[in-house]
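Notes follow once the structure below has been shown.
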Amino acid sequence: MGLKEQLMQDYKDAMKSADTLRKNTVNMVRAAIKQYEVDQRVTLDDDADIVKIIKKQVKMRADALEDFAKAGRDDMVEGYKKEIEILKTYLPEEMGEEEIRAKVQEIAEKLDIEASMKNMGKLMKSVMAELKDKADGSAVNKAVKEFLSGK
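Residue numbers (our numbering): 23 to 173.
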């Protein structure tokens with residue numbers, strides 16, 4: 023079963039169990055996928071494309087979390103945290119910080135890149151090419167900066 027079918031099945035299950043939050047969250051993702059298909063005039067059957075859309079939705083909610091926290095909207099913060107948890111169940115497991123650091127070290131040694139911030143672009147490009155869908159970009163950026171600054 024593809025991710026698109028899984029979303030539809032989970033939507034039906036959430037409706038049957040009266041889980042409003044899950045139903046609304048899954049429906050929102052399905053709407054984002056449909057909007058992308060209409061805008062691009064394509065039909066998404068590849069799970070990798072759907073994962074990109076889900077990641078974008080997670081990022082949007084994470085960015086909004088900061089704004090809600092600053093504004094003191096604890097009710098919205100809790101709702102968005104729950105939505106992010108639901109969305110992450112559809113994403114592949116991401117690498118941890120230690121794994122990312124090890125990969126950065128490995129790639130830097132392979133490319134013979136010395137620890138200097140002037141090599142940031144070169145190392146970041148190589149690491150992101152290899153870890154594109156396996157790790158969060160901000161975590162990779164942090165690990166690369168730590169490596170280049172000698173920490």
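Glycine included, C-beta positions come from ideal geometry on N, C-alpha and C.
Problem set entry | When G118, T42, A40 and I55 are compared against L29, the one with the closest alpha-carbon | I55
For this session: Would you mind stating whether I108 and V48 have Cβ atoms separated by less than 9 Å?
Result: yes
Exercise. Hey, how far is the Cα of S148 from the Cα of L133?
Worked result: 9 Å
Exercise. Can we count M37 as close to the ligand FMN, meaning its CB is less than 8 Å from some heavy atom?
Worked result: Of ligands this structure carries none, so the ligand FMN is not represented either.
Problem set entry | Length of the line joining the Cα atoms of G94 and G101 | 13 Å
Exercise. Hey, A151 and E121: beta-carbon distance below 9 Å or not?
Worked result: no
Problem set entry | Integer-rounded CB distance, given that L43 should sit under 8 Å from I76 | Contact doesn't hold; Cβ gap of about 16 Å is too wide.
For this session: Taking only runs that begin and end inside the segment 47-132, name each unbroken alpha helix (DSSP H) of 4 or more residues, in chain order.
Result: 69-93, 96-110 and 119-132
Problem set entry | Cα-Cα separation between S138 and L170, rounded to whole angstroms | 5 Å
Exercise. From L25 to R52, what distance separates their C-alpha atoms?
Worked result: 10 Å
Exercise. Where do the N-terminal and C-terminal ends of the alpha helix (DSSP H) with D32 fall, by residue?
Worked result: L25 to K38
Exercise. Hey, how far is the Cα of Y58 from the Cα of G172?
Worked result: 42 Å
For this session: For D32, count neighbouring C-beta atoms within 10 Å of its own C-beta (all shown protein chains included) and say buried if the count is 16 or more, exposed if not.
Result: buried
Exercise. A91: buried (16+ other C-beta within 10 angstroms of its C-beta) or exposed?
Worked result: exposed
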